[in-house]
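First comes the structure, then the notes that go with it.
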Amino acid sequence: MSEFLVGVEADGTGVHPASWRRADSRAEELSTGSYWVDAVTAAERAGVDVVFVPDSFQLQQGGAGVTRARLDALAIAARVAAATRGIGLLPQAPVTHTEPFHLSKAIASLDFASLGRAGWEVTVSDGAEQAKAFGRKDTQDAAALWHEGDEAIEVVTRLWDSSEDGAEIRDVPTGRFIDRERLHYIDFASDNFSVRGPSITPRSPQGQPIVAVRADDEPSTEVAVRRADLIRITAGDLATARARRTALRAALVAADRDPDTVAVLLDLDIHLAISQQVADAEVADPEGWWPGDSMAPLRHIGTVAGLRTLLAEIADARGADGVVLRPLVLHPTLAHLPGLGRGPLSAGTLRDRLGLARPISRYATGSTR
Numbered sequence: 035m036s037e038f039l040v041g042v043e044a045d046g047t048g049v050h051p052a053s054w055r056r057a058d059s060r061a062e063e064l065s066t067g068s069y070w071v072d073a074v075t076a077a078e079r080a081g082v083d084v085v086f087v088p089d090s091f092q093l094q095q096g097g098a099g100v101t102r103a104r105l106d107a108l109a110i111a112a113r114v115a116a117a118t119r120g121i122g123l124l125p126q127a128p129v130t131h132t133e134p135f136h137l138s139k140a141i142a143s144l145d146f147a148s149l150g151r152a153g154w155e156v157t158v159s160d161g162a163e164q165a166k167a168f169g170r171k172d173t174q175d176a177a178a179l180w181h182e183g184d185e186a187i188e189v190v191t192r193l194w195d196s197s198e199d200g201a202e203i204r205d206v207p208t209g210r211f212i213d214r215e216r217l218h219y220i221d222f223a224s225d226n227f228s229v230r231g232p233s234i235t236p237r238s239p240q241g242q243p244i245v246a247v248r249a250d251d252e253p254s255t256e257v258a259v260r261r262a263d264l265i266r267i268t269a270g271d272l273a274t275a276r277a278r279r280t281a282l283r284a285a286l287v288a289a290d291r292d293p294d295t296v297a298v299l300l301d302l303d304i305h306l307a308i309s310q311q312v313a314d315a316e317v318a319d320p321e322g323w324w325p326g327d328s329m330a331p332l333r334h335i336g337t338v339a340g341l342r343t344l345l346a347e348i349a350d351a352r353g354a355d356g357v358v359l360r361p362l363v364l365h366p367t368l369a370h371l372p373g374l375g376r377g378p379l380s381a382g383t384l385r386d387r388l389g390l391a392r393p394i395s396r397y398a399t400g401s402t403r
């Protein structure tokens, strides 16, 4: 991946817990389709490569003073798919309390709806609150959660391959819609899953939608190195970011993967305004309502020109292969992003945008996967 990627995390009214209190936050529209369509189309017009949509089975923490509402991230991505033409759509989808067969079908369907622009940010569901919400299993530690997550990714990606390209033959004379020789049982059995398959969804436009994993700790990092096309990291400064990227690339080589086919994306919390003084004043106001502990350690508060400079510094320092911008207040910040000067997105698949080849099904005759 040679180009520096720019993503945006569309997290409610913004990653700042008090962002909904701003008059221009559009918090009253948060549960409407138009709110999300406007946000993602604004990001697309600004030349943003991908949008991440967070999700969880847990309400936001912090009590009555924070946003306490969620729509399903996959449903949001499906809603905006028809309104966009180039931006990649990566909803989060937790695996801990969700069957991988359902996830494979949902993300493949999103890939069809978006004409090949779908991805999946893999997350796990920690804590007693989410376990009790489902009542099917006890609380798990990080190692167990990500062991299950690793197996879930394996099931999902096998199911994406279980229907070969061209399996739909629609042969009217013989009355055969499907060529059964091109459907395959995956026969996967592990500590957490026993899935025979095949998928009931045809192989999607990308074959394998893009997989993203946030490398927050040792268990998630190990899964990211084995499975992810996009690895998200946080860092307090550029030197730390560069060291993390270097270590991840070495781990990818050790895992027999080409590090140039995996992008390391650095989280960057941002707030943009027409001047540095205005940006500082606007952030100081909500900081009085909430201490902002949820913010990423590396951030940019200021103008879009300053953000352009910082992104160039990150790229030049090889601190990351791209960034995920996390607006403190979503819609007001998106209004400034055209100032980044990125060109318009061309239509095409997300794999095309990332410079990744479309893989052949591992079950196809002659496949080396």
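Taken in order, the sequence shown gives residues 35 to 403; the numbers are from our numbering.
From the three backbone atoms N, C-alpha and C, an ideal C-beta is built for every residue, glycine too.
Every value quoted in this text rests on a predicted model; they were computed, and no experiment measured them.
The beta strand (DSSP E) spanning residue i covers which residue range?
| i | result |
| --- | --- |
| residue 86 | 84-87 |
| residue 130 | Element bounds for residue 130: n/a, residue is neither H nor E. |
| residue 241 | That residue, residue 241, is in no beta strand (DSSP E); it is neither H nor E in DSSP. |
| residue 361 | 356-361 |
| residue 153 | 153-157 |
| residue 334 | 333-336 |
| residue 149 | Run containing residue 149: none; DSSP gives neither H nor E here. |
Whose C-beta lies closer than 7 Å to the C-beta of residue i among residues of the same chain, with five residues either side of it excluded?
| i | result |
| --- | --- |
| residue 119 | 381 |
| residue 108 | 125, 127, 140 and 144 |
| residue 255 | 249 |
| residue 239 | 145, 146, 149, 150 and 383 |
| residue 363 | 47, 48, 50, 53, 56, 59 and 305 |
| residue 71 | 113, 114 and 117 |
| residue 296 | 262, 263, 265 and 286 |
Suppose the cutoff is 6 Å on Cβ atoms and the five residues either side in sequence are ignored; what does the same chain contact list for residue i look like?
| i | result |
| --- | --- |
| residue 366 | 58 |
| residue 352 | 276 |
| residue 344 | 334 |
| residue 137 | 127 and 190 |
| residue 224 | 185 |
| residue 237 | 197 and 199 |
| residue 244 | 153, 263 and 384 |
Would you please verify whether the beta carbon of residue i is less than 9 Å from any beta carbon of chain B?
| i | result |
| --- | --- |
| residue 374 | Looking for chain B here will not work: only one protein chain is present. |
Looking only at its own chain, which residues have a Cβ that is under 8 Å from the Cβ of residue i, when we skip the five neighbours before and after it?
| i | result |
| --- | --- |
| residue 234 | 139 |
| residue 212 | 201, 202 and 203 |
Using the Cβ count rule (16 or more neighbours within 10 Å means buried), how would you classify residue i?
| i | result |
| --- | --- |
| residue 110 | buried |
| residue 385 | buried |
| residue 370 | buried |
| residue 175 | exposed |
| residue 377 | exposed |
| residue 315 | exposed |
| residue 219 | exposed |
| residue 279 | buried |
| residue 331 | exposed |
| residue 86 | buried |
| residue 170 | exposed |
So what's residue i in DSSP terms, helix, strand or just coil?
| i | result |
| --- | --- |
| residue 196 | helix |
| residue 43 | strand |
| residue 48 | coil |
| residue 372 | helix |
| residue 206 | coil |
| residue 141 | helix |
| residue 212 | strand |
Within the continuous alpha helix (DSSP H) that includes residue i, where are the two ends?
| i | result |
| --- | --- |
| residue 79 | 67-79 |
| residue 108 | 107-115 |
| residue 388 | 384-388 |
| residue 266 | Residue 266 -> not in any alpha helix (DSSP H); beta strand (DSSP E) instead, spanning 264-267. |
Please give me, in chain order, every unbroken run of the beta strand (DSSP E) with length at least 3 that falls completely inside the segment 272-330.
297-306
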